[in-house]
Amino acid sequence: SAVISQKPSRDICQRGTSLTIQCQVDSQVTMMFWYRQQPGQSLTLIATANQGSEATYESGFVIDKFPISRPNLTFSTLTVSNMSPEDSSIYLCSVGDLGRDRNGYTFGSGTRLTVV
Amino acid sequence: DQQVKQNSPSLSVQEGRISILNCDYTNSMFDYFLWYKKYPAEGPTFLISISSIKDKNEDGRFTVFLNKSAKHLSLHIVPSQPGDSAVYFCAASSRGGYQKVTFGTGTKLQVIP
Numbered sequence: 104s105a106v107i108s109q110k111p112s113r114d115i116c117q118r119g120t121s122l123t124i125q126c127q128v129d130s131q132v133t134m135m136f137w138y139r140q141q142p143g144q145s146l147t148l149i150a151t152a153n154q155g156s157e158a159t160y161e162s163g164f165v166i167d168k169f170p171i172s173r174p175n176l177t178f179s180t181l182t183v184s185n186m187s188p189e190d191s192s193i194y195l196c197s198v199g200d201l202g203r204d205r206n207g208y209t210f211g212s213g214t215r216l217t218v219v
Numbered sequence: 017d018q019q020v021k022q023n024s025p026s027l028s029v030q031e032g033r034i035s036i037l038n039c040d041y042t043n044s045m046f047d048y049f050l051w052y053k054k055y056p057a058e059g060p061t062f063l064i065s066i067s068s069i070k071d072k073n074e075d076g077r078f079t080v081f082l083n084k085s086a087k088h089l090s091l092h093i094v095p096s097q098p099g100d101s102a103v104y105f106c107a108a109s110s111r112g113g114y115q116k117v118t119f120g121t122g123t124k125l126q127v128i129p
């Protein structure tokens, strides 16, 4: 399965600022996803990063708050904009294709974000 | 609306015994189910999956059982080992079309030596 490098692994940010998280994959992948795990909560899908087009956002998430780029089949970024303490979470990149990959989706190690 | 539910937030089991983690789902469109294991400061790691055309899938010490009529699945770990101590997430997907994966809230398993 694919190997994912996610950066940064953690950060502490001031409210009102923005943070961009990078996800680099060691092979070309069709599907790339961004998840959020708030403290004590499940993993919630933010959006699907589409190569060459705008990301597809889940209910409750908007492009202005979480802009996503996917310039090619091995790389994506998620920006958390105008941060507030409520954005403190673990953000995870995931790749895979359930149609072809019987091993499910692979996850990066996550970015632990604390907003103060 | 929590479509995938893990009602037990934590579970403690003695080493060598069986661990049983449970999961319920509400969406009848789900036809593919996965279990992930997560250690602190790491991303979730895929453990085992099952398609809705099966009722059991086994991989070494790990077995997943699916009861479609009850919309229930369970993960059995036999024998449990201290290294199994982690948070286990149940997840589900509809394989047609979008392939979005929905996760449960997780069960923290502690295997006591």
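First to last, the protein sequences are chains E and U. According to my numbering, the first sequence is numbered sequentially starting from 104. According to my numbering, the second sequence is numbered sequentially starting from 17. Each residue gets a CB set at the ideal place from its N, CA and C atoms; glycine is no exception. Note that the structure is a prediction, hence the values are computed from the model and not measured.
Starting from the beta carbon of residue i, find every residue of chain E whose beta carbon is closer than 7 Å, and list them in chain order.
i	result
G122/U	S145
E58/U	S212
Output, in chain order, the set of chain U residues within a Cβ distance shorter than 7 Å of residue i.
i	result
G207/E	L50, F62 and S65
If you draw a straight line from the C-alpha of residue i to the C-alpha of residue j, how long is it?
i	j	result
T118/U	P129/U	33 Å
N87/U	D17/U	One point to set straight first is that residue 87/U is Lys, not Asn, in the sequence displayed. Straight-line Cα distance between these residues: approximately 16 Å.
S26/U	T177/E	36 Å
S90/U	S145/E	18 Å
V183/E	D190/E	8 Å
N185/E	Q117/E	9 Å
I107/E	L125/U	26 Å
P56/U	G99/U	13 Å
S192/E	T214/E	8 Å
T159/E	D167/E	13 Å
I34/U	V218/E	41 Å
T254/E	K72/U	Because chain E in this structure spans residues 104 to 219, residue 254/E falls outside the shown range and cannot be described.
Q131/E	L216/E	27 Å
G76/U	F62/U	14 Å
G143/E	S104/E	28 Å
L122/E	T123/U	30 Å
V94/U	Y104/U	15 Å
E31/U	K116/U	35 Å
S109/U	K54/U	19 Å
V29/U	A102/U	12 Å
S212/E	R173/E	19 Å
G59/U	N23/U	22 Å
G155/E	L181/E	15 Å
N175/E	P188/E	32 Å
Going along chain U in order, which residues have a C-beta closer than 8 Å to the C-beta of residue i?
i	result
L148/E	K116, V117 and T118
L195/E	G59 and P60
With DSSP as the reference, identify every bridge partner of residue i, one or two as the case may be.
i	result
Q30/U	I128/U
K110/E	Q125/E
K53/U	T61/U and Y104/U
N23/U	N23/U pairs with nothing; no bridge assigned.
N38/U	S90/U
F210/E	S197/E
R139/E	T147/E and Y194/E
N175/E	F178/E
Going along chain E, which residues have a C-beta under 8 Å from residue i?
i	result
F105/U	S145 and L146
Beta carbon of residue i: closer than 7 Å to some heavy atom of the ligand FMN?
i	result
K124/U	Within the structure as shown, the ligand FMN is missing, as the structure has no ligands at all.
Are at least three pairs of beta-carbons, each pair with one atom in the segment 150-162 of chain E and one in the segment 39-51 of chain U, less than 8 Å apart? The segment 150-162 of chain E is not in contact with the segment 39-51 of chain U.
Taking Cβ-Cβ distances below 8 Å as the criterion, which residues of the segment 72-85 of chain U are in contact with chain E? none
Closer than 8 Å is the cut-off here; do at least three beta carbon pairs connect the segment 205-214 of chain E with the segment 153-167 of chain E? Using a Cβ-Cβ distance cut-off of 8 Å, the segment 205-214 of chain E and the segment 153-167 of chain E are not in contact, since fewer than three pairs of beta carbons, one from each stretch, lie closer than that value.
Taking one C-beta from the segment 79-98 of chain U and one from the segment 108-123 of chain E each time, how about it: are there three or more such pairs within less than 8 Å? no
Below 8 Å, can you find three or more Cβ-Cβ pairs linking the segment 184-198 of chain E to the segment 123-135 of chain E? With a cut-off of 8 Å on Cβ pairs, the segment 184-198 of chain E is in contact with the segment 123-135 of chain E, counting three or more such pairs.
When you compare the segment 66-78 of chain U with the segment 37-45 of chain U, are there three or more beta-carbon pairs, one atom per stretch, that lie closer than 8 Å? no
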